[in-house]
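Visitor: Protein chains in written order, with the numbering used here: chain R, 12 to 142; chain G, 12 to 142. Don't be surprised by glycine CBs; every beta carbon is placed ideally from N, CA and C. Quick caveat: nothing in here was measured; it's all calculated off a predicted structure.
See the structure below:
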């Protein structure tokens, strides 16, 4: 696994699909992931720390994890099949138990970006699509 | 608190805002809540049990609750201020602890509808807007 960071988010208002770029923390390889507009706006808003009058869905998810005495520890982008990326949330409960939950990368990043949760990508994905 | 059920969901494809109707289980009073399209589509899809190739945000939220050994027990619509409804998720952990999390009604219902989680509305809200 290689640590990456969210390098760029490109939002085209007229499109339903947006693009985020993840880049190696200790290298130059980067790759794009196409995500939906709702998730792109959520990432952008949380990245900028823009508050909303009511909790949006990703804020609700963060609040649920916290209220259940758990913490999002890291995000794994662990697979790529037919141009679809697969991710996992790694969540640690205060009782020490760690659980992994299947997620789209967009939800995982929207959730993690507000708290600088580290993102890791499987080597074979970077070898495949990183440039 | 009065138990209500999701009676109707009206989706207008050309609009960003959609409407759901909640109705008393043991009475005739009902009221509408205006919600966003993303949440309306999520409710509609989960109501119909339509699977998606990848977990959408509300499915992710359900999975996180389950993986953390907890269960969504009920939804409370507990306040109405300036035409905005306020809701709470009541989540019970397997250790017996119950937590409440502030939510928009749309997220709460999208989350609860797949598992027939009961929805309760404060009396003063029904008295105010129920007809």
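For residue 24 (chain R), does the three-state DSSP call read helix, strand or coil?
Guide: Numbered from its first residue, the first chain carries residue 24 (chain R) at position 13. In this structure, residue 24 (chain R) counts as coil in the three-state DSSP scheme.
Visitor: Under a CB-based cut-off of 9 Å, is residue 97 (chain G) close to chain R?
Guide: Position 86 of the second chain, counted from the first residue, corresponds to residue 97 (chain G). Yes, contact with chain R.
Visitor: Let's see if you can read the secondary structure: which residues bound the beta strand (DSSP E) around residue 62 (chain G)?
Guide: Reading the second chain from its first residue, position 51 is the one you call residue 62 (chain G). Neither: residue 62 (chain G) is in no beta strand (DSSP E) and is coded neither H nor E.
Visitor: Distance check for residue 97 (chain R) and residue 32 (chain R), CA to CA, integer angstroms please.
Guide: Residue numbering aside, residue 32 (chain R) sits at position 21 when the first chain is read from its first letter. Residue numbering aside, residue 97 (chain R) sits at position 86 when the first chain is read from its first letter. Cα-Cα distance, rounded: 15 Å.
Visitor: Between residue 130 (chain G) and chain R, is any beta-carbon pair separated by less than 9 Å?
Guide: The count along the second chain starts at 1 and reaches residue 130 (chain G) at position 119. It does not: the Cβ of residue 130 (chain G) has no partner Cβ on chain R nearer than 9 Å.
Visitor: Tell me the DSSP bridge mates of residue 104 (chain R)?
Guide: Against the first chain, residue 104 (chain R) aligns to sequence position 93. According to DSSP, which records beta bridges pairwise, residue 104 (chain R) is partnered with R:81.
Visitor: Can you find a CB in chain G that lies within less than 9 Å of the CB of residue 8 (chain R)?
Guide: Nothing about residue 8 (chain R) can be read from this structure; chain R reaches only from 12 to 142.
Visitor: Closer than 7 Å, Cβ to any Cβ of chain G: which residues of the stretch 104–129 of chain R, in chain order?
Guide: So the list reads 104, 110, 112, 113, 114, 115, 118, given in the order they occur along the chain.
Visitor: Return the bridge partner residues of residue 47 (chain G) from the DSSP annotation.
Guide: For the purposes of this step, residue 47 (chain G) is identified with residue 36 of the second chain, where counting begins at 1. Per DSSP, G:28.
Visitor: For a contact meaning CB atoms closer than 7 Å, what does residue 76 (chain G) contact in chain R?
Guide: By 1-based counting over the second chain, the position of residue 76 (chain G) is 65. Result: 75.
Visitor: By the DSSP assignment, the beta strand (DSSP E) with residue 132 (chain R) in it spans what residues?
Guide: Taking the first residue of the first chain as 1, we reach residue 132 (chain R) at position 121. Segment 130–132, the beta strand (DSSP E) holding residue 132 (chain R).
Visitor: Residues bridged to residue 145 (chain G) by DSSP?
Guide: Lying outside 12 to 142, the shown extent of chain G, residue 145 (chain G) is not represented and no answer is given.
Visitor: Who are the neighbours of residue 51 (chain G) on chain R, taking C-beta pairs under 7 Å?
Guide: Along the second chain, one-based indexing puts residue 51 (chain G) at 40. Going along chain R, no residue has its Cβ under 7 Å from residue 51 (chain G), so there is no contact; the nearest lies around 12 Å.
Visitor: Report yes or no: is there a C-beta of chain G within less than 9 Å of the C-beta of residue 67 (chain R)?
Guide: On the first chain, position 56 is the one that residue 67 (chain R) refers to. It does: the Cβ of residue 67 (chain R) has a partner Cβ on chain G nearer than 9 Å.
Visitor: Quick one: what does DSSP say residue 118 (chain R) is sitting in, helix, strand or coil?
Guide: Stepping through the first chain from its first residue, residue 118 (chain R) is reached at position 107. Helix at residue 118 (chain R).
Visitor: Assuming residue 115 (chain G) and residue 82 (chain G) form a contact by the criterion Cβ under 8 Å, report the distance between their Cβ atoms to the nearest whole angstrom.
Guide: Translated into positions along the second chain, residue 115 (chain G) becomes position 104. Translated into positions along the second chain, residue 82 (chain G) becomes position 71. Contact flag wrong, Cβ pair sits at about 20 Å.
Visitor: So, for residue 28 (chain G): in the same chain, excluding its five sequence neighbours on each side, which residues have a beta-carbon less than 6 Å away from its beta-carbon?
Guide: Translated into positions along the second chain, residue 28 (chain G) becomes position 17. Taken in chain order, the residues that qualify are 45.
Visitor: For a contact meaning CB atoms closer than 8 Å, what does residue 72 (chain R) contact in chain G?
Guide: The residue you call residue 72 (chain R) lines up with position 61 of the first chain. Result: 68, 71, 72, 75.
Visitor: Is the shortest distance between the beta-carbon of residue 41 (chain R) and the beta-carbons of chain G less than 9 Å?
Guide: Translated into the one-based positions of the first chain, residue 41 (chain R) becomes position 30. Not one chain G Cβ lies under 9 Å of residue 41 (chain R).
Visitor: Anyone know if the C-beta pair for residue 50 (chain R) and residue 120 (chain R) falls short of 9 Å?
Guide: Sequence index remark: in the first chain, residue 50 (chain R) carries index 39 (1-based). Sequence index remark: in the first chain, residue 120 (chain R) carries index 109 (1-based). Result yes, Cβ atoms of residue 50 (chain R) and residue 120 (chain R) sit closer than 9 Å.
Visitor: Going along chain R, which residues have a C-beta under 9 Å from residue 102 (chain G)?
Guide: Your numbering for residue 102 (chain G) matches position 91 in the second chain. By Cβ distance, chain R contributes 75, 78, 79.
Visitor: Would a check of beta-carbon distances place residue 62 (chain R) closer than 9 Å to chain G?
Guide: The sequence position of residue 62 (chain R) within the first chain is 51, counting from 1. No, its Cβ sits nowhere closer than 9 Å to a Cβ of chain G.
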